[in-house]
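For the sequence shown, my numbering begins at 2 and goes up steadily by one.
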Amino acid sequence: MDNAMVAIEVENRIKKHSVFIVDDHAILREGLSHLINSEEDLLICGEADNVTDAFHAVSEGKPDIAIVDISLGDGSGIRLIENLTYSNPGIMVLVLSMHDEATYAERCLKAGARGYIMKQESSRQLLSAIRTVLNGDIYVSDKLNVQLLHKFARNRFEGIDAPAKPLSNRELEVYQLIGQGLKKHEIAERLNLSVKTVETYIEHIKIKLQLKGTHDVFIHAVKAIY
């Protein structure tokens, strides 16, 4: 058998895993597409820059894995993960985010994601994370893995289920948007809430984070996000 025939047979044996990208930065989607399509076992099958399009495209296209950012222009990536995994039980979701894993990774895993990797990581590490999730395993960094194990052991010992006064997912959404500089009415419009409800969430955030005013929440959120 000549080399050409061998190459064809090898190519036919390699299964291409379909990958869908959800991120609101076009240059990042372009870079990810180039990286992933250069791998012999991976293939980009689509992309979206917002929650609505992502949900419909993933639900219809059924990719093997979706790479999702949790900060999207028209809504929460965490809520998208919840909806995707509920409506598509077989979908694998890997979160690729700039946000600190210590704050967001556990929330994403509870929402249904199978892994969390920060955008500061190398391309090689990202590809490793993708393949880890595709193989049916959970991917988090070694540092976070140790933190989660310590938390699990501590919770079992102390008989508690979570840290004191954590922000709810909705409070976290409001907190993020405050950090992005949005005003109360803009947050209300973005999340389809009343301004009064947003104000209530802000009060909860101030109490839980022990902050005095909305400006303090803004400063705290900016430091956490950026």
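Cβ coordinates follow ideal geometry from the N, Cα and C atoms, glycine included.
The Cβ-Cβ distance between G78 and G62 does not fall below 8 Å.
Our two residues, I22 and R132, have alpha carbons roughly 15 Å apart in a direct line. The residue among A222, V20, L127, P64 with its C-alpha nearest the C-alpha of G180 is A222.
Beta-bridge annotation (DSSP): A27 is not paired with any residue. If you draw a straight line from the Cα of V94 to the Cα of I68, it comes to about 6 Å.
Runs of the beta strand (DSSP E) lying entirely within the stretch 76–110, each at least 3 residues long, are 93–98 in chain order.
For the 8 Å CB-CB criterion, N170 and R108 form a contact. In the DSSP secondary-structure assignment, F56 is not bridged to any residue. Shown here, A67 sits in a strand according to DSSP, grouped into three states. Excluding its 5 nearest sequence neighbours in each direction, S60 has C-beta neighbours in its own chain below 7 Å: S88, N89, listed in chain order. Beta-bridge analysis with DSSP links I15 to no other residue.
Non-local beta-carbon contacts of N51 in its own chain, meaning distances under 7 Å to residues more than five positions away in sequence, involve D25, L73, G74, D75 in chain order. In this structure, V20 lies away from L36, with their beta-carbon atoms at least 8 Å apart.
DSSP places Y117 inside the beta strand (DSSP E), whose first and last residues are 116–119. The C-beta of G116 has 16 or more other C-beta atoms within 10 Å across all chains shown, which makes the residue buried. Note on geometry: alpha-carbon atoms of E174 and K144 lie some 25 Å from one another.
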